[in-house]
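To keep things clear, I will list the structure first and then write my remarks on it.
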Amino acid sequence: MLAALPAGWLADKYRRDYVLRGAAALGTVAAATLAAALLYDLPVQALFAACALLGVYTGFNNAPLEALFADCIPRGKRQARSALALTRGTEFGMTIKFFALFFIQMCSMQPVYVSLLAVFTPLGVSSAALLSQALSKRIGRLQVNLVTRLLDMTLLCGMAWLPAGSDYHREILVMLHLSRTAFANCGRPLMKSLMMDNVPSRHRGKFNALDSVRTFSWSGSAAAGGILIERYGYPKTFLITAGLKLVAYLPLIPLLAYVDDGVFRIRQRQQAAESDLHEPLLP
10 MLAALPAGWL ADKYRRDYVL RGAAALGTVA AATLAAALLY DLPVQALFAA
60 CALLGVYTGF NNAPLEALFA DCIPRGKRQA RSALALTRGT EFGMTIKFFA
110 LFFIQMCSMQ PVYVSLLAVF TPLGVSSAAL LSQALSKRIG RLQVNLVTRL
160 LDMTLLCGMA WLPAGSDYHR EILVMLHLSR TAFANCGRPL MKSLMMDNVP
210 SRHRGKFNAL DSVRTFSWSG SAAAGGILIE RYGYPKTFLI TAGLKLVAYL
260 PLIPLLAYVD DGVFRIRQRQ QAAESDLHEP LLP
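Numbering (my numbering), first residue to last: 10 to 292.
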């Protein structure tokens, strides 16, 4: 996280490929340190150093790489690239790290079946991301993102209210979880493309660095999620998470009046086109 902000600034001030080459060299050193620590049974401090170097490498790599992709990919095509990137992983946050424990402890699922959930979840997310991309071409990227976020919050509340005791409820909870995770993540490529379309090229490195900090903060919120689960249980923690998602959801609504494919801007263009049609051809 500490490396992401200076990496974004450097990527905007100098050439992005120079920063990426430095990150590659740092990643090589980190990998060599980790390999040496494992092969030669070095003290645990060597492992800590390797992990720290890997963290710095990640911070220096992500922001310039995302900015470079945004510079090279034409406007309107960026969400497709981001949708494919979603196959590498899904969201972090206050409760996502505890869903496996929820299904084991509350639903009495065997670990092998919980592991299968981890296999099918990225497939569902990537499929939903591709579908949302196609739908965004019809109704707009922000509109699709608002709908999927609302479905995410609704399904999370459903998981909180549905009892987890019977086999029948367990099957429903599994379907709710898979659907919720897909809806929660499929809109991210659209928001990433919106950000890159509306941020000037000279500032994209810094904005991607801020986005990296946001991602790291989701991972850090897992500690708060663990405390809440111990104190209030899974259902109430799910509801608290849904409330936080709602707080983050509301500021997106005014953006409908500002983004190019927002519903208000689309209506303005339609009204302008209709007024042009009604103007007389000759004075």
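We put the CB at the ideal spot given by N, CA and C, even for glycine.
CB of residue i within 7 Å of CB of residue j, strictly
i	j	result
Val153	Leu187	no
Leu63	Ala41	no
Ile238	Thr250	no
Leu151	Leu259	no
Ser202	Asp80	no
Ala72	Gly214	yes
Gly196	Thr157	yes
Ala20	Gly68	no
Ala169	Leu248	yes
Backbone CA spacing between residue i and residue j [nearest angstrom]
i	j	result
Leu95	Leu139	For Leu95, the pLDDT reaches just 43, beneath the cut-off of 50, and the residue's location in the model is therefore unreliable, although a value from the coordinates is still provided. Whole-angstrom Cα-Cα distance: 10 Å.
Leu253	Ala16	29 Å
Ala46	Pro52	7 Å
Asn207	Leu261	14 Å
Leu14	Asn70	11 Å
Val303	Ser117	Any question about residue 303 goes unanswered here, given that the chain covers just 10 to 292.
Phe112	Ala173	9 Å
Gln54	Cys60	10 Å
Cys166	Arg189	10 Å
Tyr49	Ala76	38 Å
Asp220	Ala266	23 Å
His135	Met205	Contrary to the premise, residue 135 reads as Ser rather than His in this sequence. Their backbone Cα atoms lie some 20 Å apart in a straight line.
Phe57	Gly31	21 Å
Val128	Val121	11 Å
Phe216	Trp18	9 Å
Residue i in three-state terms, based on DSSP
i	result
Asp269	coil
Ala12	coil
Ser188	helix
Ser175	coil
Gly167	helix
Pro73	helix
Pro209	coil
Arg24	coil
Tyr17	In the sequence under discussion, the amino acid at residue 17 is Gly, which differs from the Tyr named in the question. Gly17 falls in the helix class under three-state DSSP.
Gly242	coil
Gly234	helix
Gly252	helix
Gly149	coil
Gly214	helix
Beta-carbon separation (whole angstroms), residue i vs residue j, contact threshold 8 Å
i	j	result
Leu160	Phe192	4 Å
Leu29	Val65	That belief does not hold up - the Cβ atoms of Leu29 and Val65 are roughly 14 Å apart, past 8 Å.
Leu185	Leu164	5 Å
Val123	Ala109	5 Å
Tyr243	Met115	6 Å
Ala257	Lys106	Not quite, the Cβ-Cβ distance comes to about 18 Å (not below 8 Å), so this is no contact.
Asp26	Gly149	Actually they do not touch by this definition, with Cβ atoms about 33 Å apart.
Proximity test, Cβ basis, 7 Å: residue i and chain D
i	result
Cys116	The structure shown has no chain D; it contains just one protein chain.
Continuous alpha helix (DSSP H) assignments of at least 4 residues falling wholly in the segment 28-68: none
Where in the segment 108-138 do unbroken runs of the alpha helix (DSSP H), each at least 4 residues long, occur, reported from the N-terminal end onward? 108-114
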